[in-house]
Structure formats: structure tokens, C-alpha cells
Amino acid sequence: MMPADIPQPVCTLCRGELELAACGGGERHCRSCGRRYPAVLGIPDLRPPSKVPADPDKPIVDRLLDAYDTSGYAELMDIYFAATGHICMPAADTADHYRAYTDRQFARGRQFTEMFFSRRRTQGTPVADTNLIEIGCGAGAGLVAKALACRHVTGLDPSLPHLILAHKAAEEYNLDNISLVQALGQQMPYPDCAFEQVIAQHVLDHVFDLEGIIREVARVLRPGGFFAADSRNRFDLFFPEPHVNLRWVGFLPRSWARKYVSWRTPDDYRHTQLLSYWDLKSAMRHHFADNYSIGFPDIGVYGVRSASAVRMLDVLERLGAAALPLLWFFPAHLVVAHKP
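Using this note's numbering, you'd call the opening residue of the sequence shown number 31 and step up by one each time.
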């Protein structure tokens with residue numbers, strides 16, 4: 031049983047109180063409207079009914095669940111990659127490759143978490159005794175690092191395969207302060223002012239309703255709450271687009287960019303929408319007024335190890351507004367906000 035002060039989800043239809051169904055398994059139903067929400071491994075599906083499509087992930091979910099009790103996180107990741115068609119090398123090499131990939135993801139999760147939390151500490155706000163929600167928590171690599179630092183962490187993601195992996199990660203790290211929900215960031219199934227912290231890591235450039243996400247962030251944050259997110263820049267002058275490895279794609283109109291990517295690569299670019307400085311500024315100002323900043327991230331979290339590049343970034347940060355024109359074309363942005 032969770033402590034009473036841990037944020038509890040509510041019905042996505044009527045915002046009514048949810049209670050666990052007598053049948054067990056984590057299924058919930060709404061006391062007000064009677065809506066039932068199924069669950070897998072205790073992870074409730076709290077997406078609005080209109081946003082629940084025919085489930086293309088069911089074969090992947092079934093394979094993960096069949097292997098769940100007898101497999102560790104790394105083995106489940108192998109199954110996931112195989113089921114989603116990501117393996118494109120000799121079978122003998124895949125295990126080592128994806129073990130190394132998994133290790134890198136957890137290391138990056140720790141780095142991003144420290145970057146976000148270091149920004150909060152500069153505001154004189156403690157991190158440890160807080161309830162945090164991570165939007166788009168994915169397979170849990172960053173969620174683990176946040177749970178080790180916070181009182182309680184909620185991982186929210188629309189993908190059930192990702193949440194099954196995150197569930198296994200929490201088990202392997204013996205973390206009992208993690209809750210997982212299948213839900214949408216632009217329709218979070220939580221009451222107003224539920225969390226002290228909201229984090230979005232590698233998420234904003236995959237949503238097509240930025241206004242909806244930021245509006246929900248502002249809604250679920252408690253007064254004095256903290257929001258942090260990173261976002262790759264649409265108008266990056268320095269590096270190829272990170273999802274398709276093509277330069278200057280963002281300078282094309284979005285409809286042209288999708289056609290160009292389709293012509294140059296086998297990748298599907300329909301689910302990626304990199305944001306510009308001005309996109310972020312517009313959404314943040316609308317919902318956080320002047321209580322936000324868009325700045326340079328710690329470039330080491332993206333794998334940059336150049337000491338000269340780190341020193342240059344330190345100089346740019348000290349320049350403040352004078353460095354703003356470079357920020358417009360820098361590879362990534364760090365968004366930080368607080369709710370008065």
C-alpha cells in the first residue's frame with residue numbers, strides 16, 4: 031500500500047477517484063463513472079478511451095511477458111530489439127552489442143538526471159524529499175537514477191513494452207519507490223498540483239502537441255514545483271539530425287523534410303518533430319509566463335568529451351543574453367521552469 035501523500039492517478043474521463051479492482055492484477059475502476067482500466071504487471075492503462083488504438087504492440091508484449099519471470103533486464107531488451115526488427119548484424123554479435131547499448135543508456139540516464147537536478151539545486155530547492163513524474167520514461171534507464179535520488183518517482187509512457195522493461199529495471203535495482211502508468215503526457219491522469227518535479231528527457235521532440243504537454247506540466251506541478259526537459263534543436267548548424275543522421279533537415283519545411291528523409295534513408299520520420307528555440311519559447315511563455323529559461327545543456331550528456339568544447343560552453347553561459355544568437359542554432363536546448 032502506497033503512503034497517502036504519494037500522488038494517486040485519477041480517471042481520465044471524469045477525474046474521479048480510482049480504486050483497485052477486487053480481481054487484483056492492478057486493474058482499477060472509477061468510483062464516479064464506473065470506467066474500468068486494465069493493467070499488466072500492475073501497470074494500469076490510463077489512456078483516454080478515444081486514444082487507445084488497435085494494439086500493434088501485442089505480439090511484443092506477449093513475448094516479453096512469456097519471458098519475464100525467467101529473464102533479466104538485458105535479456106528482455108534482447109527480446110524487445112529482436113521483436114521490433116532492430117537487429118541488423120550477425121546473431122553472434124547481437125548480445126554483446128545490446129548489452130553495451132543497455133549499459134550506455136543507464137549511464138546516460140544518470141548523467142541527464144544529474145544535469146536536471148543540478149539546475150534545481152542552484153535554486154536552493156532540495157531534491158530528495160520530493161515526488162517526481164517523468165514523462166516518456168521509456169525503458170526506465172533514467173527512471174532508476176531519479177528513483178535513487180527522490181522520495182517517489184512515477185514513470186509515464188504510452189508504450190507498454192517500454193513500461194514492462196522499466197518494471198524489470200525497478201525489480202533488478204530493488205526499488206519500491208517507482209510507480210508506472212501507461213498514459214499520455216498531454217492528458218496526464220493525475221489531479222492538479224500533484225507533483226513537486228516533472229522531467230521530460232528525450233521527449234519533447236517526439237510530441238506533436240507541445241502546447242498540450244506544457245499545459246499539463248503546469249497543471250500537475252505544485253506551487254514552487256520544478257520542470258526540466260532537454261530538446262534537440264530543429265535548426266542545429268553543427269551536427270546531423272540525431273534520428274536520421276542527415277544534416278540541416280530542420281531547415282526544410284516539415285512536409286518537405288519527411289519526403290527528403292524518406293528519399294535519403296529507410297527511416298520513418300513521421301514520429302519526430304524537432305523543436306526550435308522559438309517553438310519552446312512560445313509554449314513555455316504561454317504557460318509559465320516569465321518563470322522559465324531556455325539555455326545550453328551540459329554537452330557531456332550527449333557524448334561530447336572535448337575539454338575545449340566544455341570550456342567554450344562555460345564562457346557562453348557566462349555571457350548570458352549576449353550568447354542568445356548562438357543558442358538559436360546550438361544542437362540542443364535545456365528548458366528549466368518553476369511554478370510560482
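We put the beta carbon where it would ideally sit given N, CA and C, even for glycine.
In this text, all values refer to a predicted model and were calculated from it rather than measured experimentally.
Outcome for residue i when other beta-carbon atoms lying within 10 angstroms are tallied against a minimum of 16
i: Gln161; result: The sequence shown places Asn at residue 161, not Gln. Buried, since its Cβ has 16 or more Cβ neighbours within 10 Å.
i: Ala362; result: buried
i: Glu164; result: buried
i: Asn263; result: buried
i: Ala52; result: exposed
i: Gly170; result: buried
i: Glu49; result: exposed
i: Thr184; result: buried
i: Asp298; result: exposed
i: Pro120; result: Below a pLDDT of 50, predicted positions are generally treated as unreliable, and Pro120, at 42, falls in that range; the measurement from the model is reported next regardless. So Pro120 counts as exposed.
i: Leu178; result: exposed
i: Ser80; result: exposed
i: Cys63; result: exposed
i: Lys369; result: buried
i: Gly55; result: exposed
i: Phe238; result: exposed
i: Thr14; result: With the chain running from 31 to 370 in the structure shown, residue 14 is simply not present.
i: His301; result: exposed
i: Glu271; result: buried
i: Pro355; result: exposed
i: Met31; result: With a pLDDT of 46 at Met31, under the threshold of 50, the modelled position of this residue cannot be trusted; read the value that follows with caution. Exposed, by the Cβ-count rule.
i: His316; result: exposed
i: Tyr58; result: The question names Tyr, but residue 58 in the sequence shown is Arg. By the 10 Å Cβ count, Arg58 comes out buried.
Assigned secondary structure, residue i (DSSP; H/G/I helix, E/B strand, else coil)
i: Arg245; result: helix
i: Asp187; result: strand
i: Gln231; result: coil
i: Phe360; result: coil
i: Phe225; result: strand
i: Gly139; result: helix
i: Asp309; result: helix
i: Phe268; result: coil
i: Gly355; result: The amino acid occupying residue 355 in the given sequence is Pro; Gly does not appear at that position. Pro355 falls in the helix class under three-state DSSP.
i: Pro283; result: coil
i: Ile194; result: helix
i: Leu214; result: strand
i: Pro79; result: helix
i: His368; result: strand
i: Arg66; result: strand
i: His182; result: strand
i: Val331; result: helix
i: Val40; result: strand
Expected contact under 8 Å - CB spacing of residue i and residue j to nearest Å
i: Arg45; j: Pro221; result: 7 Å
i: Tyr98; j: Ile194; result: 7 Å
i: Leu95; j: Tyr110; result: About 12 Å separates the two Cβ atoms, so there is no contact after all.
i: Arg149; j: Ala258; result: 6 Å
i: Val331; j: Phe142; result: 5 Å
i: Val174; j: Leu210; result: Not quite, the Cβ-Cβ distance comes to about 12 Å (not below 8 Å), so this is no contact.
i: Gly102; j: Glu202; result: 6 Å
i: Ala248; j: Phe318; result: 6 Å
i: Arg245; j: Glu226; result: Actually they are not in contact, since the Cβ atoms of Arg245 and Glu226 sit about 19 Å apart, beyond 8 Å.
i: Phe359; j: Leu267; result: 4 Å
i: Pro68; j: Ala224; result: At roughly 23 Å, the Cβ-Cβ gap does not stay under 8 Å, so Pro68 and Ala224 are not in contact.
Endpoints, the alpha helix (DSSP H) within which residue i is located
i: Pro89; result: 88-98
i: Glu105; result: 103-113
i: Val174; result: 171-179
Enclosing beta strand (DSSP E) for residue i [first to last residue]
i: Val262; result: Correcting the residue type first, residue 262 is Arg in the shown sequence and not Val. Per DSSP, Arg262 belongs to the beta strand (DSSP E) from 251-262.
i: Gly325; result: 322-325
i: Glu164; result: 161-165
i: Cys60; result: 58-60
i: Glu49; result: 48-50
Worksheet item: Would the segment 299-309 and the segment 268-285 be scored as touching if the rule is three or more Cβ pairs under 8 Å?
Response: yes
Worksheet item: Any contact of the segment 285-297 with the segment 209-218, i.e. 3+ C-beta pairs under 8 Å?
Response: Not touching, per the Cβ criterion.
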